[in-house]
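Engineer:
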Amino acid sequence: MFKSNLIATFAILLLQLCSAISLSPRALSQPPSFSFSAYKDVSIFLNWNTYIFGTKTGDLINSMPKNMDTITWAFATGECGSEKWASLTPTQIKPNVDNFVALNKNYIISTGGAADAGMKKFIDTYYSPKLIGIDFDIEGGQTDAQIISIINRAIYAQTVFPHLRFSFTIATLGGISTNGLNSKGKIVVDQLKLSGLKNYFINLMVMDYGSTDPTACILKTGNVCDMGKSAIQAAKNLNKNYGIPFSQIELTPMIGGNDVISEVFTIEDVVTVSQFALQNKLGGIHYWSYDRDYDCPLGAAQYNCNTYGLAGTLGFAKKFLEALGGSTTPTTVTATNPPSTPTASNTPGTPTATNETKPSTTSTTKSAASTPTPTKCPVNAFDCGGKSPNKKKNPLVPNSRCCCNTGKKYSTSKGMCK
Numbered sequence: 024m025f026k027s028n029l030i031a032t033f034a035i036l037l038l039q040l041c042s043a044i045s046l047s048p049r050a051l052s053q054p055p056s057f058s059f060s061a062y063k064d065v066s067i068f069l070n071w072n073t074y075i076f077g078t079k080t081g082d083l084i085n086s087m088p089k090n091m092d093t094i095t096w097a098f099a100t101g102e103c104g105s106e107k108w109a110s111l112t113p114t115q116i117k118p119n120v121d122n123f124v125a126l127n128k129n130y131i132i133s134t135g136g137a138a139d140a141g142m143k144k145f146i147d148t149y150y151s152p153k154l155i156g157i158d159f160d161i162e163g164g165q166t167d168a169q170i171i172s173i174i175n176r177a178i179y180a181q182t183v184f185p186h187l188r189f190s191f192t193i194a195t196l197g198g199i200s201t202n203g204l205n206s207k208g209k210i211v212v213d214q215l216k217l218s219g220l221k222n223y224f225i226n227l228m229v230m231d232y233g234s235t236d237p238t239a240c241i242l243k244t245g246n247v248c249d250m251g252k253s254a255i256q257a258a259k260n261l262n263k264n265y266g267i268p269f270s271q272i273e274l275t276p277m278i279g280g281n282d283v284i285s286e287v288f289t290i291e292d293v294v295t296v297s298q299f300a301l302q303n304k305l306g307g308i309h310y311w312s313y314d315r316d317y318d319c320p321l322g323a324a325q326y327n328c329n330t331y332g333l334a335g336t337l338g339f340a341k342k343f344l345e346a347l348g349g350s351t352t353p354t355t356v357t358a359t360n361p362p363s364t365p366t367a368s369n370t371p372g373t374p375t376a377t378n379e380t381k382p383s384t385t386s387t388t389k390s391a392a393s394t395p396t397p398t399k400c401p402v403n404a405f406d407c408g409g410k411s412p413n414k415k416k417n418p419l420v421p422n423s424r425c426c427c428n429t430g431k432k433y434s435t436s437k438g439m440c441k
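FYI, the numbering for the sequence shown is 24 to 441, going by the numbering used here.
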């Protein structure tokens with residue numbers, strides 16, 4: 024919603040209890056068994072006067088196809104109680120909670136930042152009846168200990184928010200002769216299986232396989248990756264090699280052109296993947312990203328269009344909805360007697376680890392009457408004033424004052440350093 028990509032993609036997470044505190048119980052229901060959503064970089068096309076999420080055609084919710092229920096908000100990063108969404112604060116994001124509730128749309132919060140943070144405070148900040156899940160984006164920036172910590176926080180949160188779905192987004196390959204996962208992905212899956220966490224989902228980033236090799240993806244005519252078949256193979260690999268039921272596997276393709284230009288996820292691939300999801304009762308399908316679901320010509324991947332050119336405006340969303348059979352989020356059921364409130368301890372039990380980028384912060388310019396836009400740097404970047412302290416280690420982010428953190432490179436399609 025993924026290899027070092029969508030999908031940022033993805034870094035160290037927000038979620039560790041800051042202190043011993045009691046969490047208020049929530050109304051109970053079963054987590055949705057299937058979820059379809061698009062990832063939305065909340066900083067792109069934001070209305071800077073109201074802070075309501077936007078698109079290149081206007082307000083986000085008003086632009087959504089009628090039977091599209093859910094958007095995944097990307098990405099919350101940072102420390103307990105002071106997380107940021109690019110440069111946006113929780114206070115600036117919160118009007119969107121009320122907006123989604125008022126307009127009857129669901130949302131998932133995706134986190135992928137540079138430090139652990141308080142699970143309780145984090146969820147409470149964005150909580151509403153329309154929050155259906157928390158997505159942890161794990162792409163290599165985390166240590167083994169941090170991954171274990173994230174899983175521990177999810178275990179605890181599930182006791183208080185049993186109706187929320189908890190997904191773990193990881194990179195994968197899509198070839199037949201591979202187990203698919205890198206070292207971080209293996210740790211995530213192994214620790215989840217040991218943890219006792221229930222009803223979790225493994226969300227595979229089925230994109231940017233990197234090479235036209237049978238171990239990386241399923242090849243088709245022209246010696247290029249067949250993105251639909253490769254996504255399916257990734258799910259099969261996770262099921263066969265790690266014993267994860269299909270019902271707990273989600274897939275997140277990058278629609279249209281990927282960072283690897285020859286890798287193109289087409290409208291036909293939407294149908295292929297959707298049919299497999301229905302036949303095998305997968306846990307969900309998401310895609311990166313809503314902002315890219317607009318046509319533009321073939322070429323290098325962009326953060327605000329699909330470099331495919333054949334889908335039409337929101338063509339991928341509409342095709343997924345059609346192929347999946349319309350609305351894709353079950354109605355939750357409220358319990359009359361929620362459980363008693365557990366009390367958090369400072370340090371939940373920690374299993375032992377085995378040894379073994381996503382959003383752009385580019386946004387529309389504010390009107391002259393509004394407050395000046397602060398300098399915003401992408402994930403894994405800092406404000407260097409346009410002068411890199413070390414051009415090799417800290418490359419400049421194009422058209423900005425920002426430099427990538429040491430060891431990171433800028434991805435045009437994700438609008439982030441990864």
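Ideal placement from N, C-alpha and C gives every residue a C-beta, glycine not left out.
Going by C-alpha to C-alpha distance, which of G141, Q214 and N119 sits closest to G77?
Structural biologist: Nearest option by C-alpha distance: N119.
Engineer: Could you check how far apart the C-beta atoms of E286 and Y326 are, in whole angstroms? I think they sit under 8 Å.
Structural biologist: The Cβ separation is near 17 Å, so there is no contact.
Engineer: Report all residues from its chain with a CB closer than 7 Å to the CB of C427; omit the five preceding and five following residues, and keep chain order.
Structural biologist: The residues are N403, A404, N417, P418, V420, Y433 and C440.
Engineer: For A194, count neighbouring C-beta atoms within 10 Å of its own C-beta (all shown protein chains included) and say buried if the count is 16 or more, exposed if not.
Structural biologist: Looking at its Cβ environment, which holds 16 or more other Cβ atoms inside 10 Å, A194 is buried.
Engineer: Using the Cα positions of D318 and Y310, report the straight-line distance between them to the nearest angstrom.
Structural biologist: Using only the alpha carbons, I get a separation of about 15 Å.
Engineer: Identify which residue in G81, D121 and K207 has its Cα closest to the Cα of G163.
Structural biologist: The shortest Cα separation from G163 among G81, D121 and K207 belongs to K207.
Engineer: So which of A334, S56, G408 and P401 has the shortest CA-CA distance to G135?
Structural biologist: Ranking the options by Cα distance to G135, first place goes to P401.
Engineer: Restricting to runs no shorter than 3 residues, where is the beta strand (DSSP E) found entirely within the region 241–270?
Structural biologist: You should have found no qualifying run.
Engineer: With H, G and I counted as helix, E and B as strand and the rest as coil, what does DSSP make of G208?
Structural biologist: The answer is helix: DSSP assigns G208 an H, G or I state.
Engineer: Applying the criterion that 16 or more other CB atoms from any shown protein chain within 10 Å of the CB defines a buried residue, is P276 buried or exposed?
Structural biologist: Classification for P276: buried.
Engineer: What is the rounded straight-line gap between the Cα of G338 and the Cα of N413?
Structural biologist: If I take the Cα positions, the gap works out to 42 Å.
Engineer: So, helix, strand or coil for N327, using DSSP?
Structural biologist: Coil, per DSSP.
Engineer: Which one of F98, L227 and P88 has the shortest CA to CA distance from D64?
Structural biologist: Closest by alpha carbon: F98.
Engineer: Given D82, which residues of its chain have a CB within under 8 Å of its CB, disregarding the five upstream and five downstream residues?
Structural biologist: For D82, where only same-chain residues beyond five positions count, the Cβ hits under 8 Å are N70, I75 and F76.
Engineer: Whose C-alpha, out of T166, L242, K252 and I94, is nearest the C-alpha of V211?
Structural biologist: Closest option to V211, Cα to Cα, is T166.
Engineer: Apply the 10 Å Cβ neighbour rule to Q302 and answer buried if 16 or more other Cβ atoms are within range, or exposed otherwise.
Structural biologist: Exposed, by the Cβ-count rule.
Engineer: Once DSSP output is grouped into helix, strand and coil, what is the label at K441?
Structural biologist: Here K441 sits in coil by DSSP.
Engineer: Got a sec: does the ligand ADP put a non-hydrogen atom nearer than 7 Å to the Cβ of G197?
Structural biologist: Looking at this structure, you won't find the ligand ADP or any other ligand, since it has none at all.
Engineer: In this structure, does DSSP put S200 in helix, strand or coil?
Structural biologist: Here S200 sits in coil by DSSP.
Engineer: Where G219 and S190 are concerned, what is the direct C-alpha to C-alpha distance, given to the nearest angstrom?
Structural biologist: Between G219 and S190, the C-alpha separation is close to 15 Å.
Engineer: Spatial neighbours of P202 within its chain, please: C-beta separation below 7 Å, excluding the five flanking residues on both sides.
Structural biologist: According to the sequence shown, residue 202 is Asn rather than Pro. N260 and N264, listed in sequence order.
Engineer: When DSSP builds the beta bridges, which residues end up paired with S190?
Structural biologist: Answer is D158 and F224, bridged to S190.
Engineer: Whole-angstrom Cβ separation of A258 and F269, contact assumed at under 8 Å?
Structural biologist: So it is a contact: roughly 7 Å between Cβ atoms.
Engineer: Under a three-way DSSP split, which group does P237 fall into?
Structural biologist: The answer is coil: DSSP assigns P237 none of H, G, I, E or B.
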